[in-house]
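Step one of this worksheet: look at the structure below.
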Amino acid sequence: MLTFPPAVKVFVATQPIDGRKGAYSLAAMVRSVFSHDPFVGNLYVFFTRRLDRVRVLYWDRNGFALWTKRLEKGRFRAAMSPDGRLRASAIEYAELALVLEGIELAGGRRRARWVPRKASAVAMVKVLARVG
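Just remember that this note's numbering sits 198 ahead of the position in the sequence shown, which is counted from 1.
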């Protein structure tokens, strides 16, 4: 399983890709089709046509890393674009973890959670700095 900070940005391709594509081909797709910079450190998730493989591309300080998971049985449940256009759909890292574990996102719902405002988070850091 991949381990990243929860704040990492995750983008999922809305159409399946050719599973033979390598890191450079996928990075070129990120730049040309999604208009994103592949060197930022975001995760880019691609599913193959049969939905039995997922590939995750990211920049790791000094090179591209390409992580692959192949299911021996079953298929991933990926939200594909009905119009057939390839785009990048943003999801949270927690949602990616659920998809990789085989949990469907369509039936679940996200519970309300408290999210600190940026101003209060900065104030909390200042308070903790004074205490420590």
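We put the CB at the ideal spot given by N, CA and C, even for glycine. On a predicted model such as this, the values are computed, not experimentally measured, just so you know.
How long is the line joining the alpha carbons of residue i and residue j, rounded to whole angstroms?
i           : j           : result
residue 248 : residue 258 : 28 Å
residue 287 : residue 208 : 8 Å
residue 229 : residue 215 : 15 Å
residue 292 : residue 201 : 11 Å
residue 218 : residue 255 : 14 Å
residue 211 : residue 271 : 22 Å
residue 299 : residue 225 : 25 Å
residue 284 : residue 206 : 22 Å
residue 233 : residue 227 : 9 Å
residue 204 : residue 267 : 20 Å
residue 235 : residue 250 : 27 Å
residue 290 : residue 280 : 21 Å
residue 297 : residue 240 : 17 Å
residue 301 : residue 246 : 18 Å
residue 220 : residue 252 : 13 Å
Given that a residue counts as buried once 16 or more other Cβ atoms are within 10 Å of its Cβ, and exposed if not, what is residue i?
i           : result
residue 269 : exposed
residue 328 : exposed
residue 237 : exposed
Give me the DSSP bridge partner(s) of residue i.
i           : result
residue 287 : 210
residue 263 : 256
residue 202 : Bridge partners of residue 202: none, in fact.
residue 301 : Answer is none; residue 301 lacks a bridge partner.
residue 243 : 210, 254
For my contact list, residue i and residue j are in at a C-beta cut-off of 8 Å; report their separation, rounded to the angstrom.
i           : j           : result
residue 294 : residue 231 : So it is not a contact: roughly 20 Å between Cβ atoms.
Q: Please determine if the segment 274 to 281 and the segment 258 to 265 are in contact, where contact requires at least 3 C-beta pairs separated by less than 8 Å.
A: No, they do not touch.
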